[in-house]
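Read the structure below first, then the notes.
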Amino acid sequence: MTIAKTAALAALRSAVGADQVLAEGDLAAYEQDWRRRWRGKALAVVRPGSTAEVAAVLRVCAAQGLSLVPQGGNTGLVGGGVPDGSGTQVLLSLQRLNRVRRIDAANLAMTVEAGCVLQAAQEAAAAQGLLLPLSLAAEGSCTIGGNLATNAGGTQVLRYGNARALCLGLEVVTAAGEVWDGLSGLRKDNTGYDLRDLFIGSEGTLGVITAATMVLVPQPAAITTALAALASVRDAVALLELARARLGAGLTGFELMNRFSLDLVARHFPQLPAPLPGAAWTVLLEQSDNEGEAQARARFESLLGEALERGLIGDAAVAESLAQSQGLWQVRESIPLAQAEEGLNIKHDIALPVSAIPEFVEQTDAALQARIDGVRLVDFGHLGDGNLHYNVQAPAGGDARRFLAEREHEVNTIVYDAVQRFGGSISAEHGVGELKREEIVERKSAVAIALMRQIKRALDPDNRLNPNRVLTR
Ligand code: FAD
Ligand code: ZN
Numbered sequence: 009m010t011i012a013k014t015a016a017l018a019a020l021r022s023a024v025g026a027d028q029v030l031a032e033g034d035l036a037a038y039e040q041d042w043r044r045r046w047r048g049k050a051l052a053v054v055r056p057g058s059t060a061e062v063a064a065v066l067r068v069c070a071a072q073g074l075s076l077v078p079q080g081g082n083t084g085l086v087g088g089g090v091p092d093g094s095g096t097q098v099l100l101s102l103q104r105l106n107r108v109r110r111i112d113a114a115n116l117a118m119t120v121e122a123g124c125v126l127q128a129a130q131e132a133a134a135a136q137g138l139l140l141p142l143s144l145a146a147e148g149s150c151t152i153g154g155n156l157a158t159n160a161g162g163t164q165v166l167r168y169g170n171a172r173a174l175c176l177g178l179e180v181v182t183a184a185g186e187v188w189d190g191l192s193g194l195r196k197d198n199t200g201y202d203l204r205d206l207f208i209g210s211e212g213t214l215g216v217i218t219a220a221t222m223v224l225v226p227q228p229a230a231i232t233t234a235l236a237a238l239a240s241v242r243d244a245v246a247l248l249e250l251a252r253a254r255l256g257a258g259l260t261g262f263e264l265m266n267r268f269s270l271d272l273v274a275r276h277f278p279q280l281p282a283p284l285p286g287a288a289w290t291v292l293l294e295q296s297d298n299e300g301e302a303q304a305r306a307r308f309e310s311l312l313g314e315a316l317e318r319g320l321i322g323d324a325a326v327a328e329s330l331a332q333s334q335g336l337w338q339v340r341e342s343i344p345l346a347q348a349e350e351g352l353n354i355k356h357d358i359a360l361p362v363s364a365i366p367e368f369v370e371q372t373d374a375a376l377q378a379r380i381d382g383v384r385l386v387d388f389g390h391l392g393d394g395n396l397h398y399n400v401q402a403p404a405g406g407d408a409r410r411f412l413a414e415r416e417h418e419v420n421t422i423v424y425d426a427v428q429r430f431g432g433s434i435s436a437e438h439g440v441g442e443l444k445r446e447e448i449v450e451r452k453s454a455v456a457i458a459l460m461r462q463i464k465r466a467l468d469p470d471n472r473l474n475p476n477r478v479l480t481r
């Protein structure tokens with residue numbers, strides 16, 4: 009071990025205690041990303057237990073000339089939360105900062121530490137009869153800090169907005185190791201630049217989030233789900249319009265799934281329900297309201313009856329119990345897992361105006377099929393938000409790793425050119441991380457990129473915080 013490394017480890021140990029600095033053994037859980045696409049090597053994994061300890065770690069990094077990568081649940085999908093391969097970066101795990109500090113029912117807000125797992129925060133709110141309306145398939149592992157650092161979306165954005173919209177305040181440790189206490193529960197505060205919004209979505213490149221105050225809403229009396237089978241994406245957009253008109257703010261989720269994505273779930277998770285088999289496209293609708301379950305189901309039945317009459321849908325089913333609803337959501341949320349079982353794939357997380365989605369899918373499906381014989385398209389996503397996970401899987405029986413290595417650039421060019429043509433974004437909710445840092449330079453305005461670089465230099469002048477992620481130097 010070099011003298012510099014020995015000194016760095018000693019300083020880190022004095023900041024958080026020797027037990028919480030892991031420098032040996034199998035650190036794969038921290039060094040390998042969820043998709044198994046990126047594997048780095050950390051100088052050490054450091055696990056502070058308080059905001060003061062996070063600040064101490066940042067000061068050690070500044071003094072020792074070390075860079076660091078913050079990490080929450082390590083469920084990010086763009087390679088932003090694992091160290092690079094140099095063996096010189098500190099992997100700063102926030103997992104031990106996991107307390108719920110306060111629930112203020114009258115102010116409809118909760119303050120939680122960054123490492124609190126999303127599901128644990130949801131449960132703490134539910135215990136007070138309140139709902140933390142952020143929900144995603146990774147909620148059993150992802151953390152509030154990671155959700156805010158990536159400005160996560162999920163399945164209820166349609167009604168409640170993304171993580172940014174649900175955040176009232178932050179506590180952040182700066183690159184210099186200072187603590188900014190911005191944990192306000194205020195819904196209005198126009199006292200200058202919005203620092204909170206600067207840190208949200210910054211993917212660990214501007215500061216380390218240590219706690220957040222999140223919006224709560226009263227727990228709805230009933231949450232019900234329904235499924236509809238459709239022939240085309242065009243019909244799905246028409247159904248969305250109708251559902252908005254008939255259900256108003258009661259519509260909380262509107263998820264689209266193509267047949268191949270459901271076939272993958274059936275293949276890899278045969279124990280799950282196989283609803284409306286054979287549909288070219290399936291939509292999962294969710295409704296939350298303050299009346300009873302019977303009323304909600306009746307509203308669904310009336311909406312779906314009308315859609316059937318108009319020829320928008322072929323078949324439909326309304327869940328009759330909570331267990332059935334959960335089964336339907338489990339099918340939807342198993343798509344990313346089923347895809348991972350099937351092999352590495354080329355992921356896209358795109359946003360488009362909802363009105364442009366049918367034409368985008370028609371044109372882009374056709375372009376990819378013409379270029380790659382037997383290509384398999386896993387199209388699904390949050391149609392209600394104009395957000396598709398338009399993923400591309402190797403032809404059946406092909407070598408998935410090789411397909412990714414050889415075809416990713418070509419596939420991305422086809423997909424992202426189309427996204428740009430239709431006025432969309434190449435990252436709707438997963439962020440930029442390592443995966444899209446070169447691509448955003450090509451596809452965002454030069455003025456925007458220059459302003460982002462200036463902000464990075466102002467907040468992290470020595471480039472210590474997750475360097476080379478989001479922005480290349
Ligand atoms: P990590 O993966 O640990 O980190 C993600 C990024 O945030 C990294 O750049 C990291 O450096 C940074 N970071 C983490 N914690 C902090 C902190 N405290 N301070 C500063 N920076 C920090 N995303 C969606 O938006 N919608 C979905 O529907 C969705 N579904 C998913 C389903 C599955 C099965 C999986 C595996 C992922 C899904 N994701 C989804 C990806 C999503 O980004 C994450 O699940 C989540 O928001 C990341 O939280 P995390 O704690 O795991 O963060
Ligand atoms: Zn998603």
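Just add 8 to the spot in the sequence shown (first one is 1) and you have the numbering used here. Glycine is no exception: its CB is placed at the ideal position from the N, C-alpha and C atoms. Values in this document were obtained by computation on a predicted structure and should not be read as measured data.
Residue i burial status per 10 Å Cβ neighbour count (16 or more: buried)
i      : result
Val449 : exposed
Ala315 : buried
Glu249 : exposed
Asn198 : exposed
Tyr38  : buried
Asp387 : buried
Ser269 : buried
Asn236 : The identity of residue 236 in the sequence shown is Ala, whereas the question assumes Asn. The residue is buried, with at least 16 neighbouring Cβ atoms inside 10 Å.
Pro469 : exposed
Pro56  : buried
Asn266 : buried
Met118 : buried
Glu462 : One point to set straight first is that residue 462 is Gln, not Glu, in the sequence displayed. Flag for Gln462 reads exposed.
Under 8 Å between C-beta atoms of residue i and residue j
i      : j      : result
Leu126 : Leu142 : yes
His390 : His356 : no
Ala219 : Leu176 : no
Ala63  : Glu179 : no
Val482 : Leu264 : Nothing can be reported for residue 482: it is not among the residues displayed for the chain, which extend from 9 to 481.
Ala50  : Pro91  : yes
Leu144 : Cys150 : yes
Gly212 : Arg172 : no
Ala229 : Asp323 : no
Ala246 : Val326 : no
Leu174 : Met222 : yes
Arg410 : Gln428 : no
Asn474 : Val77  : yes
Gly161 : Gly84  : no
Val54  : Leu99  : yes
Glu61  : Val86  : no
Leu105 : Glu131 : no
Arg445 : Arg477 : yes
Leu352 : Ala404 : no
Ala346 : Phe277 : yes
Closest Cα partner of residue i within the set the options
i      : options                           : result
Thr163 : Leu176, Gly33 and Ala146          : Ala146
Ala287 : Thr260, Glu370, Leu320 and Glu299 : Leu320
Gln295 : Thr421, Met9, Ile231 and Glu301   : Ile231
Arg43  : Leu412, Gln428 and Glu446         : Leu412
Ala128 : Ala114, Ala113, Leu116 and Ile152 : Ile152
Glu418 : Glu447, Tyr201 and Ile463         : Glu447
Arg47  : Arg21, Gly57, Asn82 and Leu66     : Asn82
Gly215 : Thr59, Gly169 and Ser329          : Thr59
Ala364 : Ala244, Ala184, Leu238 and Asp41  : Ala244
Ala304 : Trp337, Ala348, Ala257 and Asn353 : Ala257
Met460 : Arg275, Ala282 and Leu206         : Leu206
Glu437 : Leu360, Ile463 and Ala31          : Leu360
Cys124 : Ala113, Ala135 and Val108         : Val108
CB-CB length for residue i against residue j, believed under 8 Å
i      : j      : result
Gln72  : Ala15  : 7 Å
Gly439 : Thr158 : 4 Å
Val383 : Val400 : 6 Å
Ile343 : Val273 : 6 Å
Ala426 : Gln377 : Between Gln377 and Ala426 the Cβ distance is about 14 Å, and since that is not below 8 Å, they are no contact.
Ile457 : Ile358 : Not really, about 19 Å apart at Cβ, beyond 8 Å.
Leu280 : Val369 : Going by Cβ atoms, the distance from Leu280 to Val369 rounds to 25 Å, so no, they are not a contact pair.
Ala183 : Leu74  : Rounded, the Cβ-Cβ distance is 12 Å, inconsistent with contact.
Proximal residues to residue i (C-beta, below 8 Å), its chain only, five neighbours per side dropped
i      : result
Ser240 : Ala288, Trp289 and Pro366
Gly95  : Lys49, Ala50 and Leu51
Leu259 : Leu166, Arg167, Ala251, Arg252, Leu293, Glu294, Gln295 and Gly392
Chain-order list of residues whose beta-carbon lies under 6 Å from that of residue i (same chain, five-residue window excluded)
i      : result
Gly137 : Gln227
Near the ligand GDP: residue i beta-carbon under 7 Å from a heavy atom
i      : result
Gly161 : Within the structure as shown, the ligand GDP is missing, the only ligands being the ligand FAD and the ligand ZN.
Neighbourhood of residue i by C-beta distance below 7 Å, restricted to the same chain and skipping five residues each side
i      : result
Asn115 : Gly193
Ala133 : Ile111, Met118, Leu139, Leu140 and Leu224
Chain D contact for residue i (CB, 8 Å cutoff)
i      : result
Ala375 : No chain D is part of this structure, which consists of one protein chain only.
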